[in-house]
């Protein structure tokens with residue numbers, strides 16, 4: 777399904793494929809030979825989404841573009857099933873496995889591998905060719921790799937990456953009620969989306 781959002785429409789070249797159950801919303805630009813499979817959502821909320829040449833977004837993955845952090849996916853990239861690429865830059869030939877998450881302001885360097893259920897934290901850079909193991913977290917610039925049992929060490933680094941400011945535009949400690957009121961308004965702009973006939 778192709779949706780116009782805030783006056784912006786997806787751009788899909790003839791050589792690309794978008795599955796009937798996938799959604800492209802707003803300023804989404806696909807390159808030649810790109811593929812978006814069933815249930816995947818590429819949504820340009822208030823920033824672009826670009827999918828490179830011969831890149832594939834698999835089933836039920838999410839790629840979200842944000843004003844300060846467009847989602848820029850390079851050439852020959854695999855975004856695995858249930859993966860989450862939110863306001864991240866993904867350089868060429870990156871492998872993003874099932875369930876991996878990349879947060880706003882993050883960069884996955886060329887040829888990197890993010891294995892199953894791994895996380896690339898906000899404002900963090902995974903160096904080219906780095907392998908992020910299954911379930912591990914990468915944080916910092918350049919990113920340090922943390923196993924899930926090293927939460928206290930991770931928190932020492934993660935605290936200064938400003939997750940609430942980067943993702944929600946609020947200082948740490950803002951009440952959830954305030955954050956969600958803002959998010960409700962933000963996502964409410966989709967009420968005026970319009971379906972486009974291909």
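In my numbering, the protein residues as written are 777 to 974.
C-beta: ideal position from N, C-alpha, C; glycine also.
On a predicted model such as this, the values are computed, not experimentally measured, just so you know.
| Item | Value |
| --- | --- |
| Own chain partners of residue 923 with C-beta closer than 7 Å, once the 5 adjacent residues on each side are dropped | 912 |
| Buried or exposed (CB count within 10 angstroms, at least 16 for buried), residue 958 | exposed |
| Whole-angstrom C-beta distance between residue 787 and residue 805, which should lie under 8 Å | 5 Å |
| Spatial distance of residue 915 from residue 849 (CA atoms) | 20 Å |
| Distance CB(residue 779)-CB(residue 969) smaller than 8 Å | yes |
| C-alpha distance - residue 961 paired with residue 813, whole-angstrom precision | 29 Å |
| Own chain, CB closer than 6 Å to residue 867, minus 5 neighbours either side, in chain order | 850, 885 and 886 |
| Collapsed DSSP secondary structure at residue 823 in the structure displayed | coil |
| Reduced DSSP secondary structure (H/G/I, E/B, other) of residue 781 | strand |
| Beta strand (DSSP E) segments (min. 3 residues) lying fully within the segment 876–924 | 913–915 and 920–922 |
| Bounding residues of the beta strand (DSSP E) (the contiguous stretch that carries residue 958) | Note, residue 958: premise wrong, no beta strand (DSSP E); alpha helix (DSSP H) at 952–963. |
| Identity of the residue in 955, 840, 876 and 777 nearest residue 741 by Cα | Summary: the structure shown does not reach residue 741, with the chain confined to residues 777 through 974, and so no result is reported for it. |
| Same chain only: Cβ atoms within 7 Å of residue 881, ignoring 5 sequence neighbours per side | 845, 863, 898, 899 and 942 |
| Helix, strand or coil at residue 945 [DSSP, three-state] | coil |
| Where the beta strand (DSSP E) containing residue 806 begins and where it ends | 804–806 |
| Neighbour-count burial assignment, residue 965, 16 or more Cβ in a 10 Å radius | exposed |
| Straight-line gap, residue 808 to residue 955 (C-alpha atoms, nearest Å) | 38 Å |
| Minimum C-alpha distance to residue 839 - residue among 879, 852 and 870 | 879 |
| Exposure of residue 719, with buried meaning 16 or more beta-carbon neighbours within 10 Å | One cannot answer for residue 719 here, as it falls past the ends of the chain, which runs 777 to 974. |
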